[in-house]
Every structure is written in C-alpha cells, then in structure tokens.
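Participant: Structure incoming, see below.
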Amino acid sequence: CHLLTSMTDAMRFPGGEMADLYSHRWEIELGYREIKQTMQLSRLTLRSKKPELVEQEL
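First residue of the sequence shown: 1, per the UniProt record's numbering; consecutive thereafter.
In structure tokens form, the structure reads like this:
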C-alpha cells in the first residue's frame with residue numbers, strides 16, 4: 001500500500017497509521033455516496049430549462 005502525503009513528520013504521522021486511517025475514511029466516503037444515490041432515487045430531478053427538453057428527460 002502506498003500513500004502520498006505532504007505530512008512529513010514521521011513521528012506525528014506514521015505511514016502505517018495514515019494508511020489505515022485513509023482506508024477507514026474511504027469506507028465512510030463510500031457510505032456517503034450510497035446515501036446520496038439513494039436520496040436522489042427518491043425524487044425526480046429535472047435539469048432541462050426548456051419544456052421540450054423536460055419532456056425528453058421524462
């Protein structure tokens with residue numbers, strides 16, 4: 001596992017711990033994405049501004 005960071009103090013930010021934290025953070029991000037996708041499915045969002053394009057979206 002490789003981790004690129006600008007936090008260079010190895011005593012404060014050990015590489016292994018940083019990689020573990022990033023892994024946990026990634027799981028949280030995936031959870032947020034799932035929540036947002038579920039919320040979007042429950043409502044209809046139309047992006048078009050013109051009536052004929054709204055009809056096309058539907």
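By construction, the Cβ of each residue, glycine as well, lies at the ideal position given by its N, Cα and C atoms.
1) Is residue 41 near residue 57, with beta carbons less than 8 angstroms apart?
2) Compute the beta-carbon to beta-carbon distance between residue 15 and residue 4, rounded to the nearest angstrom, for a pair I have assumed lies under 8 angstroms.
3) Distance check for residue 8 and residue 26, CA to CA, integer angstroms please.
4) Leaving out the 5 sequence neighbours to the left and right, which residues in its chain are closer than 8 angstroms to residue 34 when beta-carbon positions are compared?
5) Could you tell me the distance, in whole angstroms, from the CA atom of residue 6 to the CA atom of residue 12?
6) Starting from residue 38, trace the alpha helix (DSSP H) both ways and give me its first and last residue.
Facilitator: For this structure:
1) No. Outside cutoff.
2) Rounded to the nearest angstrom, the Cβ distance from residue 15 to residue 4 is 11 angstroms, too far for a contact under 8 angstroms.
3) For residue 26 and residue 8, the gap between their C-alpha atoms comes out near 21 angstroms.
4) Here the set comprises nothing.
5) A straight-line Cα-Cα distance of about 12 angstroms links residue 6 and residue 12.
6) Residue 38 -> alpha helix (DSSP H) spans 15-41.
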